[in-house]
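**Student:** In terms of the numbering used here, the sequence shown opens at residue -13 and continues consecutively.
Glycine is no exception: its CB is placed at the ideal position from the N, C-alpha and C atoms.
Input: one structure, supplied below.
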Amino acid sequence: MANGDHDWVVALDFGTTATAAAVGVVGGPVSELRLPDSSSTMPSSVFADDDGRLVVGVEADNEAESRLDAYEPTPKRKAGHSRVRLGDNDYAPAELIGAVMAPVLGEAVLQHNNAVPRTVVLTHPVSWRGSRRRVLTEALQHAAERVGLSELPDPVFVTEPVAAARWYAKAEPPTKGAYFAVYDLGGGTFDTTVLRATGEGFEVVGSGGIDQLGGFDFDQLLFDYLGSQYISKADPGLWAALSNPAQPDPDIAYRRRRLQARVHLLKEGLSNAVDKRVPLPGVADPVVVTRGDYEALIRQRIEDTVTELEDTIAEAGLAPDQITAIYRIGGAARTPLVGAVMERLRLPVKTTDHPKLVVAQGAAICAPQPSEPPPIPPVDPVVERSKQLWHNAEQQLRSRDITGARASYQQIIALDNPDWAPRARAALGRLESPPAPQPPVEDEPAKPEPISGTMNTLLDTGGNTATTKPITDKPAKGYITAPPVSKRRRRIAFAFDVLPMLLCYGAAAWIAVNTRASNQIAHCSNGYVYNCKPYYLYYSRYNSWSTGGRVAVAVAALVVLIYVIWNWLYRRGKTGATIGQSMLRFKVLRAATQQPPGFGITRFLKVVVAALLVAVVTDLGVDLIVSLIIHGFDS
């Protein structure tokens, strides 16, 4: 379908273990995208080499044998993680997914003569909401960068079951209001969905599923079965090494990967044959594995999936006989046992030879149709001429050509357009009318000089008393005026400076007193301490302090220091929100930051900073810091 038309669409179905795509003309036929190796799907695996470069698909599977910790076979399962460690580097999930999407997107663009698609459709499970869909959007951007596309339309999202239903509905259009169930057994996940046909598409009525269940897990069951039944009996040491995914020996890692590949092919082969022979490492002769052996391993899992489908139908408020048909999709759904177990539902089941491609092709069908551009209204020559003459009149007035402007307005009036002629008459009337006489202007008293200088001339630094100088429309250089501020709001602002520190130190002092050694109180009561004022109980003897008390006061000192620094930065617009503007309504703001300049460091803050510095320098500061605070209050 190679063509140079820009009206084409590409749909990407990024799966847990395999990725597929479909292309088509918007509003026209769609087809699967054939990759360079003539396959319709590629593994979703990704590998990071020693230079941090990401390789994907079959190449990633081959490289995995060299370093397993740099290999991720199912990056879709990492979509909810913040970072993913591969080898010596950390990657965002969007980077890994974008690397997988890139060769598929690049091949689609290449087959369309490097034309950018009009629409890109991305599929996702029903349960994926905002955050994971954003990961897919970022992944598409990474993919576009990797293939050299400078621009790409925003993706259209379609849930996987809706895409599959649209594909099946293409052959058999459903009746409006009919219900359908989707059984999606993929490589790494199992999803169930109940849909209702709306006439224009499908809407989701209910959904369910089982995480971490799919063909990948069936591979692992068969892998463990062959190892425990045959390899372990022939060579226990070899099986112990092969069964360890973190085995550092490169030779063992290579043999493990080869065994996994054989197991996967064996599983695929048992879907078409009743038995298969497979050579196993450490075993002298090839082993015969029957379909019955394989189905015995996975039967309970398949039973669970059909039960989950029944539960999803029931939770949607429907009886099984209300379901028109079941759409069976997903690569692992081709397993014969799936069809056998689903017979208990006694419902029609729709399937295809390539269930993995159904979602991608259905997603391409879901691409929105291009909307017809609105018709261009016919040009009215009278309106266009009136606009031009009005523009001329404005230019003539700016150049003080009154005669020319008058002539332009008269021409507009002569054209007699219902919109422009009245405007021209009004403008001409203003032009012809003499200016109204103005009353004599009395001498005005001299205005006070605008305030200049530093902010101390505009706003006092203590936070308590407003300046007596008037605030004019021209504040000091570097500042702008703001709405008036009352004394009450100044006190509120001062409380913002002081109260948090009082509360912090108060809590620390309470902890210190309630954890001190009891002998200090006795010393005071017996007269051993001279002038034993109540506050001396906090600091008069160092050994009366407990470890908890010293830690509490030290932590309080650190918190206050952080608060003082934050407060100082906030008042200069460096941190925090816009409390100064919206709540406190300062008279002036810094022009550069649009934030209040602040009230300066009060005497209390100076005491706090001094006490904190002493506390940091010496261990005795735990006593002295409280002393300074209490002296500050006592003075």
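Out of R409, S52 and V292, point me to the one whose CA is closest to I312's CA.
**Tutor:** Taking the sequence shown and counting its residues from 1, the one referred to as residue 312 is at position 326. Looking at the Cα atoms, V292 is the closest of the given residues.
**Student:** Taking the alpha carbon of V345 as the point to measure from, which residue in D(-7), I398, W(-6) and A7 has its own alpha carbon closest?
**Tutor:** Position 359 of the sequence shown holds residue 345. Nearest option by C-alpha distance: A7.
**Student:** With distances taken from CA atoms, which of A167, S385 and H377 is nearest Q662?
**Tutor:** Summary: the structure shown does not reach residue 662, with the chain confined to residues -13 through 621, and so no result is reported for it.
**Student:** Sort T179, R242 and G325 by Cα distance to D297 and report the nearest one.
**Tutor:** The count along the sequence shown starts at 1 and reaches residue 297 at position 311. The shortest Cα separation from D297 among T179, R242 and G325 belongs to T179.
**Student:** My output table needs one value for R314: the three-state DSSP class, helix, strand or coil.
**Tutor:** To locate residue 314, count along the sequence shown from 1; it is residue 328. Looking at R314 - three-state DSSP - the assignment turns out to be strand.
**Student:** Any idea if W496 is buried or exposed, counting beta-carbon neighbours within 10 angstroms, 16 or more meaning buried?
**Tutor:** Walking along the sequence shown from the start, residue 496 turns up at place 510. Looking at its Cβ environment, which holds fewer than 16 other Cβ atoms inside 10 Å, W496 is exposed.
**Student:** Grab me the residues of Q347's own chain with a C-beta within less than 7 Å of its C-beta, minus the 5 sequence neighbours each way, in chain order.
**Tutor:** Counting from one through the sequence shown, the residue named residue 347 turns up at place 361. So the qualifying residues of the chain are A8, V16, E18 and W153.
**Student:** Measure from the alpha carbon of I548 to the alpha carbon of each residue in D387, C490 and N500, then state which is nearest.
**Tutor:** Here residue 548 refers to the residue found at position 562 of the sequence shown. For the residues D387, C490 and N500, the minimum Cα distance to I548 belongs to C490.
**Student:** Whole angstroms are fine: how far does the CA of Y169 sit from the CA of E294?
**Tutor:** If you number the sequence shown from 1, residue 294 lands on position 308. If you number the sequence shown from 1, residue 169 lands on position 183. E294 and Y169: Cα-Cα distance of roughly 10 Å.
**Student:** As a quick exercise: from V121, V102 and M487, pick the residue whose alpha carbon is nearest that of G10.
**Tutor:** Against the sequence shown, residue 10 aligns to sequence position 24. Considering only alpha carbons, the answer is V102.
**Student:** When the Cα of L126 is compared with those of R71, R536, I399 and A80, which residue comes out closest?
**Tutor:** For the purposes of this step, residue 126 is taken as residue 140 along the sequence shown, with counting starting at 1. It is A80 whose Cα lies nearest to the Cα of L126.
**Student:** Which two residues bound the contiguous beta strand (DSSP E) that contains P236?
**Tutor:** Along the sequence shown, read from residue 1 onward, the residue named residue 236 stands at position 250. It is not in any beta strand (DSSP E) - P236 instead sits in the alpha helix (DSSP H) that spans P236 to G255.
**Student:** From the DSSP output, read off the bridge partner residues of F166.
**Tutor:** The residue you call residue 166 lines up with position 180 of the sequence shown. DSSP lists L181 and A311 as partners of F166.
**Student:** Considering only residues of the same chain and omitting the five flanking positions on each side of V(-5), which have a CB-CB separation below 8 Å?
**Tutor:** In the sequence shown, residue -5 corresponds to position 9, counting from 1. The answer, listed in chain order, is V9, G10, V11, V12, V16, P103, R104, T105, V106, V107, A350 and A353.
**Student:** Would A631 pass as a contact of L171 if the rule is Cβ separation under 8 Å?
**Tutor:** Summary: the structure shown does not reach residue 631, with the chain confined to residues -13 through 621, and so no result is reported for it.
**Student:** How many angstroms separate the CA atom of L544 from the CA atom of G192?
**Tutor:** Start at 1 with the first residue of the sequence shown, and residue 544 comes out as number 558. Start at 1 with the first residue of the sequence shown, and residue 192 comes out as number 206. If you take the alpha carbons of L544 and G192, they lie about 54 Å apart.
**Student:** Write down the C-beta distance between I288 and V327 rounded to the nearest angstrom, noting that I regard them as a contact closer than 8 Å.
**Tutor:** Within the sequence shown, the letter at position 302 stands for residue 288. Within the sequence shown, the letter at position 341 stands for residue 327. With 8 Å as the limit, I288 and V327 qualify as a contact, their Cβ atoms being about 5 Å apart.
**Student:** Starting from the C-beta of V86, find all residues in its chain whose C-beta is less than 7 Å away, skip the five residues before and the five after it, and write them out in chain order.
**Tutor:** By one-based count along the sequence shown, residue 86 stands at place 100. Taken in chain order, the residues that qualify are F0, T5, S30, V32, V42 and P61.
**Student:** Quick one, are the C-beta atoms of R182 and F176 less than 8 Å apart?
**Tutor:** Counted from its first residue, the sequence shown places residue 182 at position 196. Counted from its first residue, the sequence shown places residue 176 at position 190. No, these two residues do not count as a Cβ contact at 8 Å.
**Student:** Per DSSP, F176 is paired with what?
**Tutor:** Working through the sequence shown from its first residue, we reach residue 176 at position 190. Partner(s): L171 and I196.
**Student:** Give the DSSP bridge partners of F33, in chain order.
**Tutor:** Stepping through the sequence shown from its first residue, residue 33 is reached at position 47. F33 is bridged to V41 and Y57.
**Student:** Specify the secondary structure class of H128 as computed by DSSP and reduced to three states.
**Tutor:** In the sequence shown, residue 128 corresponds to position 142, counting from 1. Note: H128 maps to helix in three-state DSSP.
**Student:** Which same chain residues end up closer than 8 Å to G73 when comparing Cβ atoms and leaving out the 5 residues on each side of it in sequence?
**Tutor:** Looking up residue 73 in the sequence shown gives position 87. Contacts found: A34, D35, D36, G38, R53, D55 and A56.
**Student:** Taking 8 Å as the cut-off, decide whether the C-beta atoms of R118 and A65 are in contact.
**Tutor:** Translated into positions along the sequence shown, residue 118 becomes position 132. Translated into positions along the sequence shown, residue 65 becomes position 79. Closer than 8 Å, so yes.
**Student:** Give me the DSSP bridge partner(s) of L108.
**Tutor:** The residue you call residue 108 lines up with position 122 of the sequence shown. The partner list for L108 (beta bridge, DSSP) reads L(-2) and F143.
**Student:** How long is the line joining the alpha carbons of A(-3) and R384, rounded to whole angstroms?
**Tutor:** In the sequence shown, counting from the first residue as 1, residue -3 sits at position 11. In the sequence shown, counting from the first residue as 1, residue 384 sits at position 398. Computed Cα separation, rounded: 58 Å.
**Student:** With DSSP as the reference, label N48 as helix, strand or coil.
**Tutor:** As a position in the sequence shown, residue 48 is number 62, starting the count at 1. Three-state result, N48: helix.
**Student:** Excluding the five sequence neighbours on either side, which residues of its own chain have a C-beta within less than 7 Å of the C-beta of N75, listed in chain order?
**Tutor:** As a working mapping, residue 75 is identified with position 89 in the sequence shown. If we look at N75 and ignore the five residues flanking it on each side, its Cβ neighbours are A34 and G38.
**Student:** Give the straight-line distance between the Cα atoms of V95 and R63, rounded to the nearest whole angstrom.
**Tutor:** Within the sequence shown, the letter at position 109 stands for residue 95. Within the sequence shown, the letter at position 77 stands for residue 63. Cα to Cα, V95 sits roughly 27 Å from R63.
**Student:** Can you check DSSP and say which residues form a bridge with F188?
**Tutor:** Translated into the one-based positions of the sequence shown, residue 188 becomes position 202. DSSP, once it has assigned bridges, lists A183 as partnering F188.
**Student:** Go through its chain and collect everything with a Cβ distance to P486's Cβ below 7 Å, but skip five positions before and after it.
**Tutor:** Looking up residue 486 in the sequence shown gives position 500. Within the same chain, P486 has close Cβ partners Y549.
**Student:** Residues in the same chain with beta-carbon distance under 7 Å from V144, minus the five sequence neighbours each way, listed in chain order, please.
**Tutor:** As a first step, residue 144 must be located in the sequence shown, where it is residue number 158. Correct list, in chain order: V107, T109, A349 and C352.
**Student:** Under 7 Å Cβ to Cβ from S511, same chain only, skipping five residues before and after it: list those, please.
**Tutor:** Residue 511 sits at position 525 when you count from the first residue of the sequence shown. Confidence in S511 is poor, its pLDDT being 41 and thus under 50, which makes the residue's placement unreliable; the coordinate value appears in the next sentence. Nothing listed; no residue qualifies.
**Student:** Which residues bound the alpha helix (DSSP H) around D221?
**Tutor:** Taking the sequence shown and counting its residues from 1, the one referred to as residue 221 is at position 235. Where D221 is concerned, there is no enclosing alpha helix (DSSP H), given that its DSSP letter is neither H nor E.
**Student:** Out of A400, V90, T2 and V70, state which residue places its alpha-carbon closest to the alpha-carbon of S24.
**Tutor:** Translated into the one-based positions of the sequence shown, residue 24 becomes position 38. Selected option, being the one with the closest Cα: V90.
**Student:** Between P404, R242 and I399, which lies nearest to G415 when the distance is taken from Cα to Cα?
**Tutor:** Here residue 415 refers to the residue found at position 429 of the sequence shown. Selected option, being the one with the closest Cα: I399.
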